[in-house]
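These notes are about the structure you will find just below.
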Amino acid sequence: MKAKITVKGQVTIPQKVRMALGVKAGDEIEFERTEKGYLIKKKIGPSPFSKYVGHLRSKAGKDTDVLIEDLRGR
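This is how it looks when you write it as C-alpha coordinates:
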(Lines of atoms letter the chains of each structure in order from A; the text may use other names.)
(Lines give C-alpha, C1' and ligand atoms only; values in the text may rest on other atoms or scores of the structure.)
Protein backbone atom coordinates (compact mmCIF):
# COMPACT_ATOMS: atom_id res chain seq x y z
CA MET A 3 0.00 0.00 0.00
CA LYS A 4 1.22 3.50 -0.66
CA ALA A 5 0.14 7.13 -0.35
CA LYS A 6 1.41 10.48 -1.58
CA ILE A 7 2.50 13.43 0.52
CA THR A 8 0.87 16.75 -0.37
CA VAL A 9 2.70 20.07 -0.66
CA LYS A 10 1.56 20.77 2.93
CA GLY A 11 3.16 17.52 4.16
CA GLN A 12 -0.18 15.78 4.63
CA VAL A 13 -0.88 12.13 3.88
CA THR A 14 -4.21 10.39 3.48
CA ILE A 15 -3.97 7.12 5.38
CA PRO A 16 -5.67 4.38 3.36
CA GLN A 17 -9.03 3.24 4.71
CA LYS A 18 -7.83 -0.34 5.35
CA VAL A 19 -4.99 1.00 7.51
CA ARG A 20 -7.31 3.38 9.41
CA MET A 21 -9.70 0.51 10.08
CA ALA A 22 -6.87 -1.80 11.21
CA LEU A 23 -5.58 0.90 13.59
CA GLY A 24 -9.09 1.77 14.77
CA VAL A 25 -8.55 5.48 14.10
CA LYS A 26 -11.01 8.11 12.94
CA ALA A 27 -10.93 11.82 12.16
CA GLY A 28 -9.53 13.77 15.11
CA ASP A 29 -7.64 10.82 16.64
CA GLU A 30 -3.91 11.16 17.21
CA ILE A 31 -1.34 8.72 15.90
CA GLU A 32 2.30 8.23 16.86
CA PHE A 33 5.28 7.56 14.64
CA GLU A 34 7.93 5.35 16.24
CA ARG A 35 11.31 4.98 14.57
CA THR A 36 12.49 1.40 14.11
CA GLU A 37 15.56 -0.15 12.48
CA LYS A 38 13.56 -0.72 9.29
CA GLY A 39 11.71 2.62 9.11
CA TYR A 40 8.74 3.92 11.07
CA LEU A 41 5.87 2.27 12.89
CA ILE A 42 2.48 4.02 12.95
CA LYS A 43 0.46 3.48 16.14
CA LYS A 44 -2.79 4.87 17.48
CA LYS A 45 -1.97 7.18 20.38
CA ILE A 46 -3.60 5.89 23.52
CA GLY A 47 -4.42 8.68 25.94
CA PRO A 48 -4.90 8.43 29.67
CA SER A 49 -7.88 6.52 30.97
CA PRO A 50 -10.93 8.70 31.62
CA PHE A 51 -10.79 7.36 35.19
CA SER A 52 -7.17 8.41 35.82
CA LYS A 53 -8.27 11.83 37.10
CA TYR A 54 -10.02 10.09 40.02
CA VAL A 55 -7.04 8.01 41.16
CA GLY A 56 -5.58 10.68 43.45
CA HIS A 57 -9.00 11.51 44.88
CA LEU A 58 -9.77 7.87 45.63
CA ARG A 59 -6.33 7.24 47.09
CA SER A 60 -6.84 10.07 49.61
CA LYS A 61 -10.09 8.41 50.75
CA ALA A 62 -8.60 4.94 51.27
CA GLY A 63 -9.43 3.38 54.61
CA LYS A 64 -12.35 5.71 55.39
CA ASP A 65 -15.74 4.50 56.54
CA THR A 66 -18.48 4.59 53.87
CA ASP A 67 -20.58 7.01 55.95
CA VAL A 68 -17.60 9.36 56.27
CA LEU A 69 -17.02 9.21 52.50
CA ILE A 70 -20.67 10.08 51.82
CA GLU A 71 -20.51 13.00 54.26
CA ASP A 72 -17.31 14.22 52.56
CA LEU A 73 -19.00 14.08 49.17
CA ARG A 74 -22.02 15.97 50.49
CA GLY A 75 -19.74 18.59 52.01
CA ARG A 76 -20.71 18.08 55.63
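Numbering of the sequence shown is given in the numbering used here, commencing with residue 3 and proceeding in unit increments.
Glycine included, each C-beta is placed from N, C-alpha and C at the ideal position.
Restricting attention to G24, V9, A5, the CA atom closest to the CA of I15 is found in A5. Less than 8 Å separates the beta-carbon of E30 from that of K45. In the structure shown, T8 falls within a coil segment according to DSSP collapsed to helix, strand and coil. In this structure, the CA atom of A27 is about 20 Å from the CA atom of M3. DSSP lists E34 as the beta-bridge partner residues of L41.
Looking at the DSSP output, V25 bridges to nothing.
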